[in-house]
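In what follows, a structure is listed as structure tokens, so that the remarks can point back to it.
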Amino acid sequence: MSERAVQIHVNGQAITVPAADADMSLAEFLHERMDLTGTKVCCGIGVCRACTVGMRSSQDALMEKTLACVTPVSAVANQYIYTVESLAQGPRLSPLQQTFLESFAFQCGYCTPGFLMAATAMLEHLKAYRADQLEAAIDTWVGGNLCRCTGYVKYRDAIRKVAQQHMKGGA
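Letter by letter, the sequence shown follows residues 595 to 765 of the numbering used here.
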């Protein structure tokens, strides 16, 4: 058990996690202590990736994807955590969320937050890819996310559309 409080940042808010909660999974902490229920836990062992959140080592670092169901809060001390709740600005959806909606890129929606956060991290790393590497980038960043409802085509189409806009300098 952790012996001291842990500092983290969640969706731009500095949080002190009491020592008693530092060994909770990040997903459990987000749900139970912060009432951020967008991050889903499905398998509980990091296989399905529905629990994917974004994480930065500093405010200026590129976002990486993190599996919140298998990551203890103590492991993300001093990190910047982003959940699906961070994407929209008030009632205005992010371009990625809007494209998912317009493309009907989900059915039940349970896995959608994990896809959105993995794709959000991918969009920050697009400068490392050429246009002809976009499919490989999508495979790398969201290829392991599981969905039991769709055939992944609409997810990939929505992500590709937003990524192509980013590569053109539009989003």
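C-beta: ideal position from N, C-alpha, C; glycine also.
Keep in mind that this is a model prediction, so the values were computed, not measured.
What does a CB cutoff of less than 6 Å around residue i pick up in its chain, not counting 5 residues either side in sequence?
i    : result
A699 : K748, Y749, A752
Y723 : A731
R643 : G708, G738, N739
Q701 : C743, T744
Apart from the five residues on each side of it in sequence, which residues of its chain come closer than 8 Å, Cβ to Cβ, to residue i?
i    : result
Q673 : I602, H603, M649, R650, S651
T734 : M716
Just grab the DSSP bridge partners of residue i for me.
i    : result
T660 : V647
A608 : H603
S619 : P666
Q683 : R686
Since I believe residue j is in contact with residue i (beta carbons under 8 Å), could you give me their beta-carbon distance rounded to a whole number of angstroms?
i    : j    : result
L572 : T665 : Outside the shown range of the chain, which is 595 to 765, sits residue 572, and nothing can be said about it.
Apart from the five residues on each side of it in sequence, which residues of its chain come closer than 7 Å, Cβ to Cβ, to residue i?
i    : result
D615 : F623, R627, V667
Q653 : Y674
G638 : C663
H719 : L656
What span of residues does the alpha helix (DSSP H) with residue i cover, start to end?
i    : result
Y749 : 747–761
Q691 : 689–696
V736 : 728–736
T714 : 706–718
Since residue i is in the beta strand (DSSP E), which residue starts that stretch and which ends it?
i    : result
H603 : 600–604
I675 : 674–676
Quick one, which of the options has its alpha-carbon nearest residue i's?
i    : options                : result
G738 : R754, T693, L661       : L661
Y746 : T646, G763, E679, T706 : T706
L656 : A712, V736, L630       : A712
E597 : G606, V611, N605, Q607 : V611
C645 : E679, R686, A613, K721 : E679
V600 : V670, C636, Q701       : V670
G763 : R686, Q692, A725       : A725
G632 : L681, I609, C642       : L681
C779 : Q607, M618, V641       : Past the edges of the chain, shown from 595 to 765, lies residue 779, and the structure says nothing about it.
D617 : T744, L695, C702, C663 : C663
I609 : V635, Y676, K659, Y704 : Y676
Q727 : R754, Q691, G703, P685 : R754
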